[in-house]
Structure formats: C-alpha cells, structure tokens
Amino acid sequence: MRADIFDQRKTITIESGGIIISDTTQFIVYTLEFCPNCEILKEFLASRGVPFVECDMASAEALTELRMNGIFVQEAPVLQKGDAFYTSGDLFAGGAFQEDLVADLIAGA
Numbered sequence: 115m116r117a118d119i120f121d122q123r124k125t126i127t128i129e130s131g132g133i134i135i136s137d138t139t140q141f142i143v144y145t146l147e148f149c150p151n152c153e154i155l156k157e158f159l160a161s162r163g164v165p166f167v168e169c170d171m172a173s174a175e176a177l178t179e180l181r182m183n184g185i186f187v188q189e190a191p192v193l194q195k196g197d198a199f200y201t202s203g204d205l206f207a208g209g210a211f212q213e214d215l216v217a218d219l220i221a222g223a
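Start counting the sequence shown at 115; every next residue gets the next number (my numbering).
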C-alpha cells in the first residue's frame with residue numbers, strides 16, 4: 115500500500131503494509147487517480163497547513179478499511195478524521211465544495 119503524508123514542508127511516501135499516522139496527523143484522504151474533487155480537498159487542507167495521509171481508494175487495503183467502517187462508496191474523495199468518515203456526498207453536497215464543513219473539522223482537530 116502506498117500512502118503519502120503531506121505537511122507544510124515535505125511529502126513522505128510510505129510503501130508498507132499499513133497506514134502510519136503520526137500524532138499530529140488526524141486526517142486521511144482517500145482518493146482516486148484523476149479526481150478533481152480530490153485535488154480540491156487536498157489543496158484546501160494543504161493551504162491551511164493541515165497534515166494528512168493520502169490513500170489510494172482503489173487499493174485493496176483502503177477498500178477493506180473503508181468497508182470495515184461501513185463506507186461503501188465508489189466515489190472519491192472520502193475524508194476520515196478519527197472514527198468519522200465524510201464521503202464525497204458530504205464534502206461536495208450540491209456539487210459545491212463544503213469549505214465550512216472541512217474548516218470546522220480542522221478547527222476541532
């Protein structure tokens with residue numbers, strides 16, 4: 115499984131058997147290749163200096179993790195904060211990025 119950890123200064127790529135999250139990283143962004151909404155979400159988090167882990171939603175590990183947590187969507191992105199999951203339907207309700215929702219999640223981090 116490949117995961118990228120983003121922070122303000124660098125990107126760390128992890129190629130291992132699991133997702134590693136540091137104490138300061140509280141968000142996981144499940145993405146798909148060629149996903150414009152994924153880019154919008156990642157850019158929003160990065161612009162606010164929020165570290166996050168990016169996981170390929172097409173990987174078996176990510177799909178298993180999502181399914182085990184009751185998430186059965188095939189559309190990206192999915193944002194995880196702790197035990198809470200926010201699907202593309204939550205993040206882009208009505209076709210528009212729900213900036214206030216994500217800002218509130220960041221503020222509560």
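Backbone N, C-alpha and C define an ideal beta-carbon position, used for all residues, glycine too. These numbers were taken from a predicted model, which means no experiment stands behind them.
For the 8 Å Cβ check, are there 3 or more pairs between the stretch 162 to 179 and the stretch 201 to 210?
No, they do not touch.
Less than 8 Å between the beta carbons of Val164 and Phe141, yes or no?
By one-based count along the sequence shown, residue 164 stands at place 50. By one-based count along the sequence shown, residue 141 stands at place 27. Cβ distance < 8 Å, so Val164 and Phe141 count as in contact.
Can you tell which of Leu146, Tyr144, Glu179 and Leu159 has its C-alpha closest to the C-alpha of Asp214?
For the purposes of this step, residue 214 is taken as residue 100 along the sequence shown, with counting starting at 1. Taking only the C-alpha atoms, the option nearest Asp214 is Leu159.
Is it buried or exposed for Phe166, if we count other Cβ within 10 angstroms and need 16 for buried?
Working through the sequence shown from its first residue, we reach residue 166 at position 52. It is buried - the Cβ of Phe166 has at least 16 other Cβ atoms within 10 Å.
Short of 8 Å in beta carbon distance, which residues of its chain neighbour Gly196, apart from the five on each side in sequence? Order them along the chain.
Numbered from 1 along the sequence shown, position 82 holds the residue referred to as residue 196. Counting only Cβ-Cβ distances below 8 Å, and skipping sequence neighbours, we find Gln140.
Under the rule that 16 or more other beta-carbon atoms within 10 Å means buried, what is Ala207, buried or exposed?
By 1-based counting over the sequence shown, the position of residue 207 is 93. Its Cβ having fewer than 16 others within 10 Å, Ala207 is exposed.
Tell me Ile142's beta-bridge partners as DSSP assigns them.
Here the question's residue 142 lines up with position 28 in the sequence shown. In the DSSP output, where bridge partners are listed per residue, Ile142 has Val167 and Gln194.
In terms of DSSP beta bridges, what is Phe199 paired with?
To locate residue 199, count along the sequence shown from 1; it is residue 85. In the DSSP output, where bridge partners are listed per residue, Phe199 has Gln194.
Cβ of Leu146 within 8 Å of Cβ of Ala210?
The residue labelled residue 146 in the question sits at position 32 within the sequence shown. The residue labelled residue 210 in the question sits at position 96 within the sequence shown. Cβ atoms of Leu146 and Ala210: not closer than 8 Å.
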